[in-house]
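Below: the structure, in structure tokens.
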Amino acid sequence: MNREHLKHYYKKCRQLKDKINRTGIKVFAVLLGAGFAVGLCLPLRPERSELEKRDLEQFPGLTASGLWDGTWFEGVSTWYSDTYPLREALIAGASRVENLYGLQGEQIVDNSDKTGDEVPDISEEADPAPVVTETPAPTPELEDGTIYEEPEMAGDVYIAGDTAFEIYYFNQGGADSYASMINTVQARLGGDTTVYDLLAPTSFGVCLDESIQENMGGSSQGDAFQYIYSRLDPEVKRVDVFDELVRHNAEYLYYRTDHHWTALGAYYAYRVFAEQKGITPHELSEFEKRDYEGFLGTFYAYSNQAAALGNNPDTVETYIPMGTNDAEIQTAEGETMQWFVVSDVSDYSAGAKYSCFIGGDNPFTTITNPQIQDGSSCVVVKESYGNAFVPWLVDHYEHVYVVDYRYYTGNLTQFIRENQVDDVIFVNNAEAISESRTAQMLAIFPES
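Take the position in the sequence shown, starting the count at 1, then add 24; the result is the number in the numbering used here.
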């Protein structure tokens with residue numbers, strides 16, 4: 025091939041390359057334009073994410089100050105990205121692509137710049153050990169389900185195998201405020217009502233090896249709970265479930281894809297409560313069991329829909345109370361609805377199946393068991409962890425009242441006195457022990 029032929033050949037190659045580049049640019053421009061057009065379709069924009077269980081951003085109101093300081097444009101940008109049509113499907117697609125090359129080594133957790141407060145040493149304050157007058161029954165040995173695998177970061181959570189976690193950081197201000205709030209409630213209710221405090225650990229504290237928790241910069245939930253319990257009024261009944269859950273951690277106590285405990289996890293907590301109250305707990309075999317497969321919870325959403333979780337969805341196992349499965353719910357909108365203690369969620373979306381327990385989070389719920397007519401009653405003050413705990417109480421009280429302090433606006437002190445409530449049971453998970461949450465709880469217990 026002579027020189028002229030080579031020049032002609034290279035010229036043709038450059039022309040072909042330029043043509044391919046121009047075609048690629050045109051295709052990209054068309055796709056970009058189509059994506060922008062889809063993004064402008066207001067009717068297609070979602071208003072709520074079922075996976076993340078939250079309302080999505082609303083279009084910001086236009087104000088002169090917002091235009092001047094640029095916050096209005098930031099708000100528009102946040103609204104546009106947060107409510108983009110098919111947002112969750114696109115996130116899932118991106119996660120599948122990432123899964124082709126796996127979780128990356130550089131994503132191994134590094135929380136050296138974020139740690140919780142040091143849990144104060146209570147050994148000097150501890151009461152002397154009780155005198156043992158008889159030999160306690162031996163505790164049977166159970167399989168150890170502790171996870172020793174170092175989790176890797178995925179979105180806002182951390183994944184070990186097919187199980188996600190969020191790190192727990194102890195906050196002394198929150199712990200002190202919480203203990204003070206419980207003591208204040210105890211003082212305001214006097215001696216007519218018994219106050220129970222159940223601190224529910226998360227999977228981070230129960231299922232992960234302690235050294236791994238420490239390496240991740242997390243705090244010990246067991247130590248944190250003991251510190252809080254040490255600051256409670258002696259009249260408050262401590263429902264210390266931590267060790268019992270750790271003992272059973274080889275069982276299905278927590279969802280892999282969600283931050284809640286399962287009905288089984290709540291069941292072991294209920295057994296500890298029953299021992300503290302002096303009643304006989306029911307056995308699992310006494311209940312009708314129903315399972316709902318395909319649950320993908322908050323961790324799945326916060327992991328950017330990691331395939332390690334999406335390919336291993338949870339099963340929501342439920343146990344139907346024997347006395348009644350009927351409940352009356354007062355919604356945040358002020359409506360009163362007849363509902364169920366445990367609902368059939370077979371047709372619910374993958375992210376909504378945990379709402380099978382007492383209809384999810386509502387300001388006030390009433391459950392009346394017609395099989396018990398002794399006037400016994402309790403009020404459960406809770407966030408969402410309490411939802412799976414409530415069904416276990418139904419067969420021990422004539423009336424079970426459930427209050428979600430995040431939405432309830434009434435006077436709970438007055439309600440308890442007027443209805444001569446026997447027990448008030450606080451059920452809060454480790455992440456809910458904060459100064460802001462404590463202030464919400466105290467607000468519903470005014471002095472009069």
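The beta carbon of each residue, even a glycine, is placed where N, CA and C say it ideally should be. Remember, it's a predicted structure, so these values are computed and weren't measured experimentally.
ask   = What's the call for glutamate 357, buried or exposed, on a 16-neighbour Cβ count within 10 Å?
value = As a working note, residue 357 is residue 333 in the sequence shown. So glutamate 357 ends up on the exposed side.
inquiry  = On the criterion of 16 or more Cβ atoms from any shown chain inside 10 Å, does alanine 274 qualify as buried, or is it exposed?
reply    = Along the sequence shown, one-based indexing puts residue 274 at 250. With fewer than 16 other Cβ atoms within 10 Å, it is exposed.
query = Quick one: is glutamate 238 buried, meaning 16 or more other Cβ sit within 10 Å of its Cβ, or exposed?
reply = Taking the first residue of the sequence shown as 1, we reach residue 238 at position 214. Burial call: exposed.
ask   = Applying the criterion that 16 or more other CB atoms from any shown protein chain within 10 Å of the CB defines a buried residue, is aspartate 398 buried or exposed?
value = Taking the first residue of the sequence shown as position 1, residue 398 is located at position 374. Counting every other CB atom within 10 Å of its CB across the protein chains shown gives aspartate 398 a total below 16, marking it as exposed.
query = Helix, strand or coil: which one does DSSP assign to phenylalanine 381?
reply = Reading the sequence shown from its first residue, position 357 is the one you call residue 381. Phenylalanine 381 falls in the strand class under three-state DSSP.
key: Selected residue, minimal CA-CA separation from phenylalanine 381, among Trp363, Ser227 and Glu190   = Along the sequence shown, read from residue 1 onward, the residue named residue 381 stands at position 357. Of Trp363, Ser227 and Glu190, the residue nearest in Cα terms is Trp363.
key: Which listed residue (Thr355, Ser373 and Gly383) has its alpha carbon closest to that of valine 365   = The sequence position of residue 365 within the sequence shown is 341, counting from 1. When only C-alpha atoms are compared, the closest one is Gly383.
inquiry  = Taking a contact to mean a Cβ-Cβ separation below 7 Å, would you say aspartate 233 touches threonine 286 in this structure?
reply    = Translated into the one-based positions of the sequence shown, residue 233 becomes position 209. Translated into the one-based positions of the sequence shown, residue 286 becomes position 262. In this structure, threonine 286 does not lie closer than 7 Å to aspartate 233 by Cβ.
task = Could you check the C-alpha separation between methionine 465 and alanine 203 for me, to the nearest Å?
result = As a first step, residue 465 must be located in the sequence shown, where it is residue number 441. As a first step, residue 203 must be located in the sequence shown, where it is residue number 179. A direct Cα-to-Cα measurement between methionine 465 and alanine 203 gives close to 12 Å.
key: Where methionine 361 sits in the DSSP three-state scheme   = Indexing the sequence shown from 1 puts residue 361 at position 337. Correct three-state label for methionine 361: strand.
task = Would you mind stating whether glycine 241 and phenylalanine 194 have Cβ atoms separated by less than 7 Å?
result = Stepping through the sequence shown from its first residue, residue 241 is reached at position 217. Stepping through the sequence shown from its first residue, residue 194 is reached at position 170. Result no, Cβ atoms of glycine 241 and phenylalanine 194 do not sit closer than 7 Å.
key: Identity of the residues DSSP links to glutamine 354 by a beta bridge   = On the sequence shown, position 330 is the one that residue 354 refers to. DSSP output for glutamine 354 lists Thr360 and Phe388 as bridge partner(s).
message = On a Cα-Cα basis, can you pick out the residue from Asp267, Pro258, Val445 and Ser408 that is closest to phenylalanine 230?
response = In the sequence shown, counting from the first residue as 1, residue 230 sits at position 206. For clarity, residue 230 is valine in the given sequence; the question names phenylalanine instead. The candidate whose alpha carbon is nearest that of valine 230 is Asp267.
query = Ends of the alpha helix (DSSP H) at isoleucine 171?
reply = For this step, residue 171 is matched to residue 147 along the sequence shown. No residue range can be given for isoleucine 171, since it is assigned to no alpha helix (DSSP H) and is classified by DSSP as neither H nor E.
task = Go ahead and label asparagine 223 buried or exposed: buried means 16 or more other beta carbons lie within 10 angstroms of its beta carbon, across all protein chains shown.
result = Within the sequence shown, numbered from 1, the residue matching residue 223 stands at position 199. In the sequence under discussion, the amino acid at residue 223 is leucine, which differs from the asparagine named in the question. So leucine 223 ends up on the buried side.
ask   = The alpha helix (DSSP H) with phenylalanine 323 in it runs from where to where?
value = To locate residue 323, count along the sequence shown from 1; it is residue 299. 322 to 326 is the extent of the alpha helix (DSSP H) around phenylalanine 323.
query = Do cysteine 402 and isoleucine 344 come within 7 Å of each other at the CB atom, strictly closer than that value?
reply = Position 320 of the sequence shown, counted from the first residue, corresponds to residue 344. Position 378 of the sequence shown, counted from the first residue, corresponds to residue 402. In this structure, cysteine 402 does not lie closer than 7 Å to isoleucine 344 by Cβ.
query = For tyrosine 253, which residues from the same chain have a beta carbon less than 7 Å from its beta carbon, with the 5 sequence-adjacent residues on both sides left out?
reply = Here residue 253 corresponds to residue number 229 of the sequence shown, with the count starting at 1. Excluding the 5 residues flanking it on each side, tyrosine 253 has same chain C-beta neighbours closer than 7 Å at Arg262 and Asp264, in chain order.
task = Verify the contact flag: tyrosine 432, CB atom, against every heavy atom of the ligand SAH, threshold strictly below 6 Å.
result = Questions concerning the ligand SAH fall outside what the structure shown contains, since it holds no ligand whatsoever.
inquiry  = With H, G and I counted as helix, E and B as strand and the rest as coil, what does DSSP make of histidine 423?
reply    = Along the sequence shown, read from residue 1 onward, the residue named residue 423 stands at position 399. Of the three classes helix, strand and coil, the one that applies to histidine 423 here is strand, per DSSP.
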